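*Asks:*
Chains as they are written, first to last, in UniProt numbering: chain A, 1 to 302; chain B, 1 to 181.
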């Protein structure tokens, strides 16, 4: 209890007195505010954007603080950058790169929040068999994965061949809703060869698993990573522009292939090992995302 | 600190451990039930590939609850989890009338298992929050539960989604175990 009190006291002293003091001294010595120093010290990438994000979060200026609030997704990046340069007395003629560097970081930060909201909406939209678009997309999923086999009827045991649990896939999406479904479809649509390859490996007599169900579990993993801010490393490194839902689906396609390899490397005794191995894989990915340079994708054509 | 851990140890030795097996067809609501027992968020459930396990405290008991996936492919593995089971919880999707027969057959097979002989069975008639759900008495009749003579059994209408009826079921289960031990 005492140690908790002490650490609370220490962190409040640090954030209310020591940190501002340090910032003030550095500002005097270098002639630059913290945001400006970061844009000079770091190149584009997760390190820079995360430092900017943290600095904004800890700011005492109400205008700066509100930029970073989770509910504030309508930030006008160009306007906000101008305003900050005014508040911080940053002269554009002297620090010519600040404006572009900073607005890049800010748009990435705001983009990540927007993506979180978009994903939440997709996840909470359930698959509906009354929705003709959903139904058509489901048949499309079948045709993409099983081009040589005709689906005999909409309700069919054949769905288990692509790893659904029973005769009707609609009950399998559950808590991942349309997010889980769209990701399965995206993989087979945009990486058809790779998806079919993973599917055929999932039929392995000894190390087989249920392709679609595992896919939905991987959606859940990605959702957790996104929500916990872990995917910032990847997205901030990936490109200067804000992340889109396609970028997230690409991470899914990468992780599905990586999980498949991991599963075969681990040589599980049977499918009952899935829970343990999923958690182990999840930990490994989090570990990789702690590395500031990590990007979750394959290098071109390898 | 010393006193606290001592107290905890004394309590620990008194608390009985119960091994509870949670079975049923896929999409019956086993994982939702497990999470709702453990007071966890139930909005992110995914189909269970393999199994989940959680320990829940209730009325001085440590309930070790094993939730095993229900898809047909996984059912052959159920038997690996029979040993030392204190209570069998069998979950049924009351709204899935098409598979009532299938779930009945699976339950009958379970009740014939030697390793589960005499183990009390608690049937949860789940998803009562859905308008299409069959009432618990219809399910009991459909599954011929009244013909069970070799063990204690109980059917409980519930909704793992809203939590309704779950507590009643657990109370019965603990009573059944206290009697047995």
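Glycine residues also receive a C-beta, built at the ideal position from the N, C-alpha and C atoms. In this text the structure is predicted, and so the values were computed from the model without any measurement.
How should residue 234(A) be labelled, buried or exposed, when 16 other C-beta atoms within 10 angstroms of its C-beta is the threshold for buried?
*Replies:* Classification for residue 234(A): buried.
*Asks:* Where residue 106(B) and residue 25(B) are concerned, what is the direct C-alpha to C-alpha distance, given to the nearest angstrom?
*Replies:* Taking the straight line from one Cα to the other gives about 8 Å.
*Asks:* Measure the C-alpha to C-alpha separation of residue 182(B) and residue 112(B) and round it to an integer number of angstroms.
*Replies:* Residue 182(B) is absent from the model: chain B starts at 1 and stops at 181.
*Asks:* Determine the direct distance from the alpha carbon of residue 101(A) to that of residue 89(B), and round the result to whole angstroms.
*Replies:* Their backbone Cα atoms lie some 59 Å apart in a straight line.
*Asks:* Closer than 7 Å, CB to CB, is residue 50(B) near chain A or not?
*Replies:* Chain A, which has a Cβ nearer than 7 Å to the Cβ of residue 50(B), makes this yes.
*Asks:* Cβ of residue 71(B) less than 7 Å from any chain A Cβ?
*Replies:* Closer than 7 Å to some Cβ of chain A, the Cβ of residue 71(B) qualifies, so yes.
*Asks:* So the candidates are 105(A), 75(A) and 14(A); which of them puts its Cα closest to the Cα of residue 36(A)?
*Replies:* Residue 105(A) is the option with its Cα nearest to residue 36(A).
*Asks:* With a cut-off of 8 Å, do at least 3 Cβ pairs link the stretch 184-204 of chain A to the stretch 145-155 of chain A?
*Replies:* Yes: the two stretches touch, three or more of their Cβ pairs being nearer than 8 Å.
*Asks:* Take residue 30(B) and list the residues in its own chain whose beta-carbon comes closer than 6 Å to its own, dropping the five residues that flank it on each side.
*Replies:* Taken in chain order, the residues that qualify are 22, 24, 67 and 91.
*Asks:* Counting only C-beta atoms, is residue 26(B) closer than 7 Å to chain C at any point?
*Replies:* Of the protein chains in the structure, A and B, none is chain C.
*Asks:* Can you list, in chain order, the stretches of the alpha helix (DSSP H) that have 4 or more residues and sit fully within the UniProt domain "ELMO" (133-289) of chain A?
*Replies:* DSSP runs (the alpha helix (DSSP H)) wholly in the UniProt domain "ELMO" (133-289) of chain A: 177-190, 192-201, 211-227, 232-238 and 245-266.
*Asks:* Which residue comes first and which comes last in the beta strand (DSSP E) that contains residue 157(B)?
*Replies:* Looking at the DSSP string, the run of the beta strand (DSSP E) that includes residue 157(B) is 153-157.
*Asks:* Rounded to whole angstroms, what's the CA-CA distance from residue 158(B) to residue 168(B)? Just pull it up for me.
*Replies:* Cα-Cα distance, rounded: 9 Å.
*Asks:* Are the CB atoms of residue 195(A) and residue 163(A) nearer to each other than 7 Å?
*Replies:* Not closer than 7 Å, so no.
*Asks:* Output the boundary residues of the alpha helix (DSSP H) element that contains residue 296(A).
*Replies:* Run containing residue 296(A): none; DSSP gives neither H nor E here.
*Asks:* Is it buried or exposed for residue 263(A), if we count other Cβ within 10 angstroms and need 16 for buried?
*Replies:* By the neighbour-count rule (16 or more Cβ atoms within 10 Å), residue 263(A) is buried.
*Asks:* I'd like to know whether the C-beta of residue 46(B) is nearer than 7 Å to at least one C-beta of chain A.
*Replies:* Yes, residue 46(B) counts as interfacial toward chain A.
*Asks:* Can you tell me which residues form a DSSP beta bridge with residue 58(B)?
*Replies:* Answer is 61(B), bridged to residue 58(B).
*Asks:* Does any residue of chain A bring its CB to less than 7 Å from the CB of residue 36(B)?
*Replies:* So, not an interface residue.
*Asks:* Can you pull the chain B neighbours of residue 273(A), defined as C-beta to C-beta under 9 Å?
*Replies:* Here the neighbours are 50.
*Asks:* CB residue 120(B) to CB residue 174(B), shorter than 7 Å?
*Replies:* No, the Cβ-Cβ distance between residue 120(B) and residue 174(B) is not below 7 Å.
*Asks:* Residue 209(A) touches chain B at which residues, Cβ-Cβ below 7 Å?
*Replies:* Within chain B, the residues near residue 209(A) are 49.
*Asks:* Relative to the alpha-carbon of residue 52(A), which residue among 62(A), 68(A) and 246(A) has its alpha-carbon at the smallest distance?
*Replies:* Nearest C-alpha to residue 52(A): 68(A).
*Asks:* Which residue's Cα is closest to the Cα of residue 55(A): 228(A), 95(A) and 39(A)?
*Replies:* That would be 39(A), whose Cα lies nearest to the Cα of residue 55(A).
*Asks:* What are the start and end residues of each continuous alpha helix (DSSP H) run of 4 or more residues lying completely inside the stretch 20-60 of chain A, in chain order?
*Replies:* DSSP runs (the alpha helix (DSSP H)) wholly in the stretch 20-60 of chain A: 34-41 and 46-58.
*Asks:* So, is residue 22(A) buried or exposed, given that buried needs 16 or more other C-beta atoms within 10 angstroms?
*Replies:* Residue 22(A) is exposed by the Cβ-count criterion.
*Asks:* Check whether the stretch 285-297 of chain A and the stretch 47-59 of chain B touch, using three or more Cβ-Cβ pairs below 8 Å as the test.
*Replies:* No: the two stretches stay apart, fewer than three of their Cβ pairs being nearer than 8 Å.
*Asks:* In whole angstroms, what separates the C-alpha of residue 175(A) from that of residue 94(A)?
*Replies:* When rounded, the distance between both Cα atoms is 52 Å.
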